[in-house]
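See structure below.
In my numbering, the protein residues as written are 6 to 185.
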């Protein structure tokens with residue numbers, strides 16, 4: 006069960022945007038290369054199911070990552086993630102672009118990050134989230150700490166928490182490919 010700080014259930018009721026870092030959040034943080042330098046990532050289907058449920062429930066979903074990778078693009082398209090920002094060393098301006106596009110404020114945003122570059126975003130959003138294995142500096146600023154490590158279901162735990170806080174019933178995914 007996630008560790009919650011403060012009045013997080015009330016905060017979660019106002020969330021409209023679920024945004025995520027990739028490495029260490031949607032993946033376990035490992036980077037694998039083949040002999041040609043092609044980068045591979047491994048994603049968790051349970052996390053994918055949580056994102057698809059959030060999308061189907063009307064939430065805006067986003068990826069904001071410093072790295073630029075075709076695998077991430079493919080995963081985002083497969084899950085129908087609303088917004089994808091890759092190659093963004095500075096994540097806060099990317100988040101602010103999304104907020105402006107959808108007329109949102111920080112109180113409408115949940116963001117999950119795991120490392121120092123995420124702190125600038127985590128300090129601003131209403132629901133600051135991290136996987137269990139995030140660095141201690143990130144743990145210090147988060148009000149939602151998943152009981153699960155990155156790439157192993159932390160994203161799903163957050164999605165389920167926000168949907169439950171808003172009284173949204175669990176919905177079945179129409180096809181298996183939605184969550185893969």
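We put the beta carbon where it would ideally sit given N, CA and C, even for glycine.
query: For residue 117, the three-state DSSP class (helix, strand or coil); result: strand
query: Per-residue DSSP class, three states only, for residue 203; result: The question about residue 203 has no answer, for the chain in this structure spans 6 to 185.
query: Contact under 8 Å by Cβ, residue 173 with residue 62; result: yes
query: Distance, residue 60 Cα to residue 170 Cα; result: 16 Å
query: Buried/exposed call for residue 6, threshold 16 Cβ in 10 Å; result: exposed
query: Within 8 Å, strictly: CB atoms of residue 121 and residue 140; result: yes
query: Between the CA atoms of residue 52 and residue 158 - distance to the nearest angstrom; result: 5 Å
query: Presumed contact (8 Å Cβ cut-off) between residue 93 and residue 70, rounded CB distance; result: 7 Å
query: Three-state secondary structure (DSSP) of residue 18; result: coil
query: Residues bridged to residue 150 [DSSP beta-bridge criterion]; result: 8 and 135
query: Sequence-distant residues of the same chain with beta carbon closer than 6 Å to residue 175, five excluded per side; result: none
query: Residue range of the beta strand (DSSP E) that includes residue 71; result: Counting along the chain, residue 71 falls outside any beta strand (DSSP E), and DSSP gives it neither H nor E.
query: Cut-off 6 Å between Cβ atoms - residues of its own chain near residue 80, not counting five sequence neighbours on either side; result: 48
query: Rounded separation between residue 13 and residue 148 - CA only; result: 7 Å
query: Buried/exposed call for residue 40, threshold 16 Cβ in 10 Å; result: exposed
query: Length at least 3, wholly inside the region 75 to 106: the beta strand (DSSP E) runs in chain order; result: 88 to 90
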